[in-house]
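Student: The structure follows.
Protein chains: 2
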Amino acid sequence: MNLSPRIDAEHLWRDLMHSATIGATPDGGLNRQTLTPEDVRIRAWFTETAKSLGATVQIDSLGSQFAIFPGTEPRAPIAMGSHLDTQPTGGRFDGILGVLAGLATIRALRAAEITTRHPLAVINWTNEEGARFAPAMLGSGVHAGAFSAAYALSRTDAHGASLAEALAQSGQAGATPAGAQTLTAYFELHIEQGPILEQETIDIGVVTGVQGMSWFDVTVTGTPTHAGTTPLHLRHDPVLAAATMIQAVDALARADPAARATVGQLEAHPGSRNTVAERVSFTVDLRHPETRHLAALENAFRAALPPLAEARGCTARIEQIWHAPPVTFDATCLQAVGHAARLLGARYRPIVSGAGHDAVYLARICPTAMIFTPCQGGISHHPAESITREQAALGADVLLHTVLTYDRAQA
Amino acid sequence: MNLSPRIDAEHLWRDLMHSATIGATPDGGLNRQTLTPEDVRIRAWFTETAKSLGATVQIDSLGSQFAIFPGTEPRAPIAMGSHLDTQPTGGRFDGILGVLAGLATIRALRAAEITTRHPLAVINWTNEEGARFAPAMLGSGVHAGAFSAAYALSRTDAHGASLAEALAQSGQAGATPAGAQTLTAYFELHIEQGPILEQETIDIGVVTGVQGMSWFDVTVTGTPTHAGTTPLHLRHDPVLAAATMIQAVDALARADPAARATVGQLEAHPGSRNTVAERVSFTVDLRHPETRHLAALENAFRAALPPLAEARGCTARIEQIWHAPPVTFDATCLQAVGHAARLLGARYRPIVSGAGHDAVYLARICPTAMIFTPCQGGISHHPAESITREQAALGADVLLHTVLTYDRAQA
Chain A
1 MNLSPRIDAE
11 HLWRDLMHSA
21 TIGATPDGGL
31 NRQTLTPEDV
41 RIRAWFTETA
51 KSLGATVQID
61 SLGSQFAIFP
71 GTEPRAPIAM
81 GSHLDTQPTG
91 GRFDGILGVL
101 AGLATIRALR
111 AAEITTRHPL
121 AVINWTNEEG
131 ARFAPAMLGS
141 GVHAGAFSAA
151 YALSRTDAHG
161 ASLAEALAQS
171 GQAGATPAGA
181 QTLTAYFELH
191 IEQGPILEQE
201 TIDIGVVTGV
211 QGMSWFDVTV
221 TGTPTHAGTT
231 PLHLRHDPVL
241 AAATMIQAVD
251 ALARADPAAR
261 ATVGQLEAHP
271 GSRNTVAERV
281 SFTVDLRHPE
291 TRHLAALENA
301 FRAALPPLAE
311 ARGCTARIEQ
321 IWHAPPVTFD
331 ATCLQAVGHA
341 ARLLGARYRP
351 IVSGAGHDAV
361 YLARICPTAM
371 IFTPCQGGIS
381 HHPAESITRE
391 QAALGADVLL
401 HTVLTYDRAQ
411 A
Chain Y
1001 MNLSPRIDAE
1011 HLWRDLMHSA
1021 TIGATPDGGL
1031 NRQTLTPEDV
1041 RIRAWFTETA
1051 KSLGATVQID
1061 SLGSQFAIFP
1071 GTEPRAPIAM
1081 GSHLDTQPTG
1091 GRFDGILGVL
1101 AGLATIRALR
1111 AAEITTRHPL
1121 AVINWTNEEG
1131 ARFAPAMLGS
1141 GVHAGAFSAA
1151 YALSRTDAHG
1161 ASLAEALAQS
1171 GQAGATPAGA
1181 QTLTAYFELH
1191 IEQGPILEQE
1201 TIDIGVVTGV
1211 QGMSWFDVTV
1221 TGTPTHAGTT
1231 PLHLRHDPVL
1241 AAATMIQAVD
1251 ALARADPAAR
1261 ATVGQLEAHP
1271 GSRNTVAERV
1281 SFTVDLRHPE
1291 TRHLAALENA
1301 FRAALPPLAE
1311 ARGCTARIEQ
1321 IWHAPPVTFD
1331 ATCLQAVGHA
1341 ARLLGARYRP
1351 IVSGAGHDAV
1361 YLARICPTAM
1371 IFTPCQGGIS
1381 HHPAESITRE
1391 QAALGADVLL
1401 HTVLTYDRAQ
1411 A
């Protein structure tokens, strides 16, 4: 079977390393939050590179960039994409690989003089990370109708600047109404951001769906008293209450191998070393690939925590601040990914994404699937995030052949 | 038995409420950190009031204020005192009661036309709280030779200003070398800052000593990974490790009713809700009234924590940052306090202070004791800190009669 075309692995790696210089942190990571000067630089580079490959670049009202390459038939494009923004202590590959692999796919097709039936699009979605503007995935979310543009544009950063203001100031607001560009399908290559593929020496994850997620803010309130004067049995110490609550959250999730529970933010207030705290705030992130099980986990969590606070003479307030139901990707798209992986001789397995991605929203409006590559130690959202040149190239090759397979298979 | 003189309870309360207007916070507390404009205002009020009662006011090189009232014999003064500075979220009585009760004692003696054999001193020590400049109790510490003046003056606040600069800017540095003023004895009236007296409906605590204290910074380091993608059994989560470690600290101290253990500062880093934390930092404050038991508690703590971190695949670093041995107050001074409490018909009991006070350092250089009054709910270092007019007056009356008793009893 003829495997050509293939990705130019050296060129892709060079592009990734170039991206890694824009917003580089001293520890080898990236801090390139959305619409900062660093993000504007990589966006300009994206536009220029896409144009040099023959693209027409559209920018929508949220700043999302669509590089569109003509096909032989008047169809809606098959899209590849992800995001170029990062966490404040982000790595060099999260999101970036998916966008640059899209450009690498176009480059490979040009080199092989192949024009697909469908036009192809490479998309850089605005504010995927949610680090500067919450919630995450605002660009793809508005595109898919999950949020209104007005809502997204009104979101503010830590300094009170709205997304609308940030777009205007950085000159990144485009003329295309968000959502106007219809797509035939959407494929997103991404690093796994977890350890499973690496641990099992698998090359490619065929991402069948995304875990449902439920985010909570928990506040435990006790009585602030002097650390030296109050006997232990007379205290209402929210730090001790929170310690037992955090262990309970973990124990609840640990009962089910598909479940995830994480306390990532944790802080005692007022934070004086010689005062029993008045209040402890922590976050809880619950995930499960199945709606029914996620709901059961949420219910168990909501029931378990307040009595643990009360046992320490404290009170607990639990507030759900976000919920995303589980997503199942499109069967035909998944078949194309599996076909491409087989063509390339890759070891692959189905996997559920534990992280949210732009593909979650795209799945609402068009056939969608994702492709995972392993990443070192499963580390992500951290300067140590790392993949090899070969992993990048194989992931991009699978993306390329997935798009070719899907393009040929459509009626 | 003749109980006169007595404190003018109304005047004392009026003074306390006047103090409560200088640096008042909207929630009813005080923010009057040392040498701020608010502190300078209350210091000026102290000088003016003391002078109107016949004092000579000396200020030492650390800014501590000594209001000295003549006696009939050429002796070193018997001193009363505490501090007028507060925590950033402090209450209206911590420290303040001890200074204003000293002025109330002088007022009562003048009204009764009594002149003691010893001169009397009312002292306002600089920077007791340690909230602006760490460590705490710099004024009394230098006076007693626990720190050099040069060390204390070089301490800086959060904005980098040194104590020397703050003294010069506020015009509060005095000409008297710190430590030059010898004292016959030192008595400090203070709110308990704990719940014991209130719970036992006791009026007066005869403070026999101060707990030893040992302060630690603990850092637990794990592996930062994505909250959605990393199965629970593959995580090295420092939040879960810290939760078990915090519970272990509590359990160790709870085995001994005289022991105290507090985790007052607690924070996960980097503090992202969808990332397993890389690091958790927390403080541990261990106290015990007996040297031997405090050492045993410290050793048990140092031994117990690292294995708990390792059980979660994390590492723990434990750093002792401060240590103060237990203090036992002077038997003769304590007898005078007990005698005064009996004279006044107060319900009293011996109690060990869980908090540090200026009296801890004074005890190194002269006979010293403390008197406690109950405070509502044991709450302190908080806007809700509260005592009644009657509690303030009874505490001050005990101070007055303690000083009279001690004055008469000296050879």
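Chains as they are written, first to last, in my numbering: chain A, 1 to 411; chain Y, 1001 to 1411. Even for Gly, the Cβ is constructed at its ideal location relative to N, Cα and C.
Please give me, in chain order, every unbroken run of the alpha helix (DSSP H) with length at least 4 that falls completely inside the stretch 222-274 of chain A.
Tutor: Segments of the alpha helix (DSSP H) lying fully in the stretch 222-274 of chain A: 238-254.
Student: Round the Cβ separation of Y:F1093 and Y:I1196 to the nearest angstrom and send it over; I've been treating them as touching at under 8 Å.
Tutor: Not really, about 17 Å apart at Cβ, beyond 8 Å.
Student: Quick check on Y:D1039 - is its C-beta less than 8 Å from some C-beta in chain A?
Tutor: No, because no Cβ of chain A sits closer than 8 Å to the Cβ of Y:D1039.
Student: Among A:D285, A:N274 and A:H269, which has the Cα closest to the Cα of A:D250?
Tutor: Taking only the C-alpha atoms, the option nearest A:D250 is A:D285.
Student: So which residues on chain A does Y:N1031 lean against when the C-beta distance must stay under 9 Å?
Tutor: The contacting residues do not exist; Y:N1031 stays about 12 Å from chain A at best.
Student: Is there a Cβ from chain Y that is less than 8 Å from the Cβ of A:N127?
Tutor: Not an interface residue.
Student: Taking A:P367 as the query, report the chain Y residues whose CB atoms sit under 7 Å from its CB, ordered along the chain.
Tutor: Within chain Y, no residue comes near A:P367; the closest Cβ sits about 23 Å away, beyond 7 Å.
Student: Can you tell me whether DSSP reads A:W215 as helix, strand or coil?
Tutor: It is a strand residue.
Student: Spatial neighbours of A:I114 within its chain, please: CB distance less than 8 Å, with the 5 preceding and 5 following residues excluded, ordered by chain position.
Tutor: Answer for A:I114: P5 and L404, listed in chain order.
Student: According to the neighbour-count rule (16 or more other Cβ atoms, all chains shown, within 10 Å of its Cβ), is Y:M1001 buried or exposed?
Tutor: For Y:M1001, the pLDDT reaches just 43, beneath the cut-off of 50, and the residue's location in the model is therefore unreliable, leaving the point undetermined.
Student: Could you tell me the alpha carbon to alpha carbon distance between A:H339 and A:A411, rounded to whole angstroms?
Tutor: Distance between the alpha carbons of A:H339 and A:A411: 18 Å.
Student: Can you give me the C-alpha to C-alpha distance between A:L12 and A:D407, rounded to a whole angstrom?
Tutor: Each residue's Cα considered, the two are about 23 Å apart.
Student: Name, please, each residue of chain A whose Cβ falls closer than 8 Å to the Cβ of Y:I1379.
Tutor: Here the neighbours are T223, P224 and T225.
Student: Measure the C-alpha to C-alpha separation of Y:I1042 and Y:Q1376 and round it to an integer number of angstroms.
Tutor: C-alpha separation (whole angstroms): 25 Å.
Student: Any residues in the stretch 1344-1360 of chain Y with a beta carbon nearer than 8 Å to a beta carbon of chain A? Which ones, in chain order?
Tutor: Of all residues in the stretch 1344-1360 of chain Y, S1353, G1354, A1355 and G1356 have a Cβ within less than 8 Å of some Cβ in chain A.
Student: How about A:G395: is its C-beta nearer than 8 Å to some C-beta of chain Y?
Tutor: A:G395 does not count as touching chain Y.
Student: Under 8 Å: do the stretch 199-207 of chain A and the stretch 155-164 of chain A share three or more Cβ pairs, one atom per stretch?
Tutor: Touching, no, given that fewer than three Cβ pairs across the two stretches are closer than 8 Å.
Student: Assuming A:A178 and A:V142 form a contact by the criterion Cβ under 8 Å, report the distance between their Cβ atoms to the nearest whole angstrom.
Tutor: Sure, about 4 Å apart at Cβ, within 8 Å.
Student: Would a check of beta-carbon distances place A:D203 closer than 8 Å to chain Y?
Tutor: No - not a single Cβ of chain Y is within 8 Å of the one on A:D203.
Student: Is the shortest distance between the beta-carbon of Y:V1337 and the beta-carbons of chain A less than 8 Å?
Tutor: No, because no Cβ of chain A sits closer than 8 Å to the Cβ of Y:V1337.
Student: Establish whether the CB of Y:Q1391 and some CB of chain A are separated by less than 8 Å.
Tutor: False, the Cβ-Cβ gap to chain A never drops below 8 Å.
Student: In whole angstroms, give me the CA-to-CA distance for A:A205 and A:V337.
Tutor: Here the sequence assigns Gly to residue 205 of chain A, which means Ala is not the residue at that position. About 9 Å.
Student: Using alpha carbons as the reference points, say which of Y:S1052, Y:Q1335 and Y:Q1087 lies closest to Y:P1350.
Tutor: Minimum Cα distance to Y:P1350 is reached at Y:Q1335.
Student: Count the CB pairs spanning the stretch 1381-1394 of chain Y and the stretch 1017-1031 of chain Y that are closer than 8 Å, and state whether there are at least three.
Tutor: They touch, by the three-pair rule.
Student: Tell me which residues share the same chain as Y:E1038 and place their Cβ nearer than 6 Å to its Cβ, disregarding the 5 neighbours each side in the sequence.
Tutor: Excluding residues within five positions, the ones whose Cβ falls inside 6 Å are I1022, G1023 and R1032.
Student: Going by C-alpha distance, which of Y:I1078, Y:Q1087 and Y:T1089 is nearest Y:G1102?
Tutor: When each option's Cα is compared against that of Y:G1102, the closest is Y:I1078.
Student: In this structure, what does DSSP give as the bridge partners for Y:F1066?
Tutor: Bridge partners of Y:F1066: Y:Q1058 and Y:I1123.
Student: Quick one: which chain Y residues come within Cβ less than 7 Å of A:P195?
Tutor: The answer, in chain order, is T1230 and L1234.
Student: Contact check, A:L400 vs A:I7 under 8 Å by CB: the rounded distance?
Tutor: Their Cβ separation, rounded to whole angstroms, is 6 Å, which keeps A:L400 and A:I7 in contact under 8 Å.
Student: If you count every other CB in all the chains shown that lies within 10 Å of the CB of Y:H1236, and 16 or more means buried, which is it?
Tutor: It counts as buried.
Student: Extract the residue ranges of the alpha helix (DSSP H) inside the stretch 351-400 of chain A, only unbroken runs of 4 or more that lie entirely within it.
Tutor: Runs found: 358-362.
Student: How should A:H233 be labelled, buried or exposed, when 16 other C-beta atoms within 10 angstroms of its C-beta is the threshold for buried?
Tutor: With fewer than 16 other Cβ atoms within 10 Å, it is exposed.
Student: Kindly examine the ligand ADP and report whether one of its heavy atoms sits closer than 7 Å to the Cβ of Y:G1091.
Tutor: Looking for the ligand ADP in the displayed structure turns up nothing, as the structure carries no ligands at all.
Student: What whole-angstrom Cβ distance do Y:G1081 and Y:V1122 have, given they're in contact under 8 Å?
Tutor: With a Cβ gap of about 6 Å, Y:G1081 and Y:V1122 count as contacting.
Student: Cutting at 7 Å between CB atoms, please list the residues of its own chain near Y:A1396, excluding the five before and the five after it.
Tutor: So the list reads I1007, L1012, A1101, A1104, T1105 and L1189, once near-sequence residues are dropped.
Student: Give me the subset of the stretch 276-305 of chain A whose CB atoms are less than 9 Å from a CB atom of chain Y, sorted by chain position.
Tutor: Residues passing the 9 Å Cβ filter: V276, A277, E278, V280, F282, T283, V284, D285 and R287.
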